[in-house]
Amino acid sequence: MIAVMAPGVLAPGVVGQGGMPWGLLPLAAVNWHAAFFMLFAALACACAVAVVLADNVVRMAFYLVLSLGATAGLFFLAGAEFIGAMQLMIYVGGTLVLLVFGVMLTAQAPFVAIKPSSGDKVLAGMVGAALLAVLLQAAFRVEAWRRPSVAAPVAAAPSATPLGMALLGIRVDEPPSGAVGTRGGYLLPFEIVSVHLLVVLVGAAYLARAKRRRTPRSIDAAASAVSVQERPAGPAGVPLASGGRR
Amino acid sequence: MNQAIFAGFVTAGWGPTFAAGFLSAPVGVAHYLVVGAVLFTAGVVCMVVKRNALGVLMGIELVLNGANVNFVAFASPDLRGGGTPALGLDGQAIALFVILLAAAEAAVALAITLNFYNNHATVDVDRADELKG
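Taken in order, these protein sequences are the chains called A and B.
Counting from 55, one number per residue, gives the positions in the first sequence under the working numbering.
Counting from 35, one number per residue, gives the positions in the second sequence under the working numbering.
The following block contains the structure:
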């Protein structure tokens, strides 16, 4: 897809050979919204497929960063500036850092590349192709979804005020045409998500805490990495646990 | 079904007149749905295929992200024609909640993975079979 779109971007004057009247207008006729959409969409899709195809977990994390960043660009193009910024800050800046820390903490040599069996790959490829065919068919089913009313979205002044007020329970955005009745805000989901995040963070800190072993060896200040390896199996039959180094 | 997909690609500007239609065709909801479908499918396959627990986590992130693309696309009133109403602010709020819940999910799942790694010295999900009857 990139190879096909590259000539159109780099040399738009060649494009008009298909009977298009704007062949003599090289750059003025380019729909830049569509061009940047194609760029970000190709990046997001290619990196998502690369996540699946890569076996090394470190490279998977890198491709995932690229894919999520390109998706943030798609959000910007769709007029959701605040969501795009949150995608960059929370997803790319927070969740992915968490994942990379997980990769670093568990990236011992035999686990960096765990290859699935080839039978699983073939089966998953068939299921994935079938799912993709169904989803693509559904995507192109509705006529109004294919042909937007405007060539490019109107660049309104980006503001997070409607979303912020809606999270506090007050709707200041204009209702869509034909809407009847009152529209509620999101105060209750906001509170639920807040408490949910608090509970989740406490639970995650509890689950991932460093276990304190009440054996004299772990209290010993000389419990270095060498002595950890010499130590016999722990009480749960664990040969070597990274938490035991503390 | 294949003809429907092909006709969809042609009308979306991705057909034989690709180079001509690519830069002139405006982007609609269907384009975003294609991106969301690819992300979703890649995430599902990643969740199924990967044996590394962190690979499964990355697949979950991709799935949630594909759904988010759809929500944001349906929220925009400029991406569709025919005067059909858009989701508006509802879509953006749902996308925001999905991002927050994905962060929470990643934190807990990573803690579980680290706990499993501390207890079993591996991140291979096929080795987590102690609850098998």
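Idealized CB from N, CA, C, for every residue including glycine.
Which first and last residues belong to the alpha helix (DSSP H) in which residue i is found?
i, result
"B/Gly-89", "87 to 109"
"B/Asn-153", "123 to 154"
"A/Lys-306", "Residue coverage of chain A in this structure runs from 55 to 300, which leaves residue 306 of chain A outside it and unanswerable."
"A/Leu-118", "111 to 131"
"A/Ser-248", "241 to 261"
"A/Met-158", "150 to 160"
"A/Thr-215", "215 to 221"
"B/Thr-118", "Segment: none, B/Thr-118 is in no alpha helix (DSSP H) and carries neither H nor E."
"A/Leu-97", "86 to 107"
"A/Met-303", "Because chain A in this structure spans residues 55 to 300, residue 303 of chain A falls outside the shown range and cannot be described."
Is it the case that the Cβ atoms of residue i and residue j are separated by a distance below 8 Å?
i, j, result
"B/Ala-141", "A/Ala-89", "no"
"A/Leu-261", "A/Phe-244", "no"
"A/Val-112", "A/Val-157", "yes"
"B/Met-92", "A/Leu-153", "yes"
"A/Ile-137", "B/Leu-130", "yes"
"B/Leu-98", "B/Ala-107", "no"
"A/Pro-123", "A/Val-146", "The sequence shown places Gly at residue 123 of chain A, not Pro. Taking 8 Å as the Cβ cut-off, A/Gly-123 and A/Val-146 qualify as a contacting pair."
"A/Ile-168", "B/Asn-86", "yes"
"A/Ala-95", "A/Leu-128", "yes"
"A/Gln-141", "B/Ile-133", "yes"
"A/Gly-148", "B/Ala-143", "no"
"A/Leu-186", "B/Val-83", "no"
"A/Ala-98", "A/Thr-125", "yes"
"A/Trp-199", "B/Gly-89", "no"
"A/Asn-110", "A/Val-181", "no"
"B/Ala-64", "A/Ala-193", "yes"
Report all residues from its chain with a CB closer than 8 Å to the CB of residue i; omit the five preceding and five following residues, and keep chain order.
i, result
"B/Asn-104", "Tyr-66, Leu-67 and Gly-70"
"B/Asp-124", "Ala-109"
"B/Gly-122", "Ala-109 and Pro-111"
"A/Arg-237", "Arg-225 and Pro-229"
Closer than 6 Å by C-beta to residue i: which residues in its own chain qualify, once you throw out the five before and the five after it? Chain order, please.
i, result
"B/Tyr-151", "Val-157"
"B/Pro-111", "Ala-120"
"A/Phe-91", "Leu-131"
Quick one: what's got a C-beta closer than 7 Å to residue i's C-beta in the same chain, skipping five residues either side?
i, result
"A/Ala-102", "Ser-121"
"A/Pro-212", "Glu-135"
Using a beta-carbon distance below 8 Å, is residue i in contact with chain D?
i, result
"A/Leu-120", "As a matter of chain content, chain D is missing from the structure shown, whose protein chains are A and B."
Let's test the definition: count the other Cβ atoms within 10 Å of the Cβ of residue i and tell me whether it reaches 16, buried, or not, exposed.
i, result
"B/Glu-164", "exposed"
"A/Val-249", "exposed"
"A/Pro-202", "buried"
"B/Glu-95", "buried"
"A/Ala-163", "exposed"
"B/Met-81", "buried"
"B/Val-78", "buried"
"A/Leu-118", "buried"
"A/Met-114", "buried"
"B/Thr-75", "buried"
"B/Gly-100", "buried"
"A/Leu-190", "buried"
"B/Leu-213", "Residue numbering for chain B in the displayed model covers 35 to 167; residue 213 of chain B lies beyond these limits and cannot be assessed."
"A/Gly-218", "exposed"
"B/Ala-145", "buried"
"A/Gly-133", "buried"
* **Near-chain A residues of the stretch 68 to 81 of chain B (beta-carbon distance less than 9 Å), N- to C-terminal order** => So the list reads Val-68, Val-69, Gly-70, Ala-71, Val-72, Leu-73, Phe-74, Thr-75, Ala-76, Gly-77, Val-78, Val-79 and Cys-80, given in the order they occur along the chain.
* To do: Taking a Cβ distance cut-off of 9 Å, strictly less, list which residues of the stretch 136 to 151 of chain A are near chain B, in chain order.
  => Phe-136, Ile-137, Gly-138, Met-140, Gln-141, Ile-144, Tyr-145, Gly-148, Thr-149 and Leu-150
* Asked: Along the stretch 94 to 116 of chain B, what residues have a CB closer than 7 Å to any CB found in chain A?
  -> Those residues of the stretch 94 to 116 of chain B placed with their C-beta closer than 7 Å to a C-beta in chain A are Glu-95, Leu-96, Asn-99, Val-103, Val-106, Ala-107, Ala-109, Ser-110, Asp-112, Leu-113, Arg-114, Gly-115 and Gly-116, ordered along the chain.
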